[in-house]
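K.L.:
If you read the sequence shown in our numbering, its first letter stands for residue 30, the second for the next number, and so on.
A virtual CB, placed ideally from N, CA and C, is assigned to each residue, including glycine.
Keep in mind that this is a model prediction, so the values were computed, not measured.
One structure is given below, represented as structure tokens, and several questions about it will come after.
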Amino acid sequence: MAAAAAELTDQEAKVAQMLGDVWNAYLALPIEHPMEQQEFCTAIHVCQDKVLGRCGRRAFQSAANAAASKED
């Protein structure tokens, strides 16, 4: 399967940036539990994975569609 270009849409890039901004704002809060920053960071990474995975999914689908059209 040939590699397909995978790029974030402007809206996806905006959401990814907002997640980074949320993390920075969270760091300004006082620490109330020793694990809270690590847990919040992990949660932010899960959200980022969902956003960033969208372009990968589109690229995979595009490549699959291209391969299917060659078979026709």
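#1: Roughly how many angstroms separate the alpha carbons of G49 and K79, rounded to a whole number?
#2: What alpha helix (DSSP H) runs, 4 residues minimum, are completely inside the region 53-100?
#3: Out of H62, L58, W52, which has the shortest C-alpha to C-alpha gap to V75?
#4: Have a look at N94 and C70 and give me their C-alpha separation to the nearest angstrom.
P.N.:
Taking the coordinates as given:
#1: One-based indexing of the sequence shown puts residue 49 at position 20. One-based indexing of the sequence shown puts residue 79 at position 50. Answer to the nearest angstrom: the Cα atoms are 14 Å apart.
#2: 65-100
#3: Walking along the sequence shown from the start, residue 75 turns up at place 46. Minimum Cα distance to V75 is reached at W52.
#4: Within the sequence shown, residue 94 is the residue found at index 65, counting from 1. Within the sequence shown, residue 70 is the residue found at index 41, counting from 1. Whole-angstrom Cα-Cα distance: 36 Å.
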